[in-house]
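Residue numbers (our numbering): 116 to 192.
All C-beta atoms, glycine included, are put in the ideal place defined by N, C-alpha and C.
Model, not experiment: these values are computed from the prediction.
Everything on this sheet refers to the single structure shown next.
Now the structure itself:
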């Protein structure tokens with residue numbers, strides 16, 4: 116059975132989503148899907164390329180927006 120990493124890698128390759136030399140900018144929210152993507156990129160699943168991450172804190176949730184931001188900052192460090 117293919118893993119999430121296998122599926123992501125094959126989808127990127129099949130649709131030419133990432134040129135070989137393209138830098139990678141990931142938008143991370145702190146949710147499971149964006150953090151899984153960040154982890155895969157940090158492990159080199161998408162190739163060796165410059166990697167940057169962006170989290171925008173829109174302050175939409177009084178009880179969680181700042182915590183999401185701190186989580187993303189720690190994960191990116």
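- prompt: Among the residues of its own chain, which have a CB less than 8 Å from the CB of residue 136, if the five just before and after it don't count?
  reply: 164
task: Whole angstroms is fine: what's the gap from residue 118's alpha carbon to residue 133's?
output: Rounded to the nearest angstrom, the two C-alpha atoms are 20 Å apart.
Proximity winner among 116, 177, 171, relative to residue 149 (alpha-carbon distances): 171
task: Taking all protein chains shown into account, decide if residue 156 is buried (16 or more other Cβ within 10 angstroms of its Cβ) or exposed.
output: buried
- prompt: With burial defined as no fewer than 16 other Cβ atoms inside 10 Å of the residue's Cβ, what is the status of residue 152: buried or exposed?
  reply: buried
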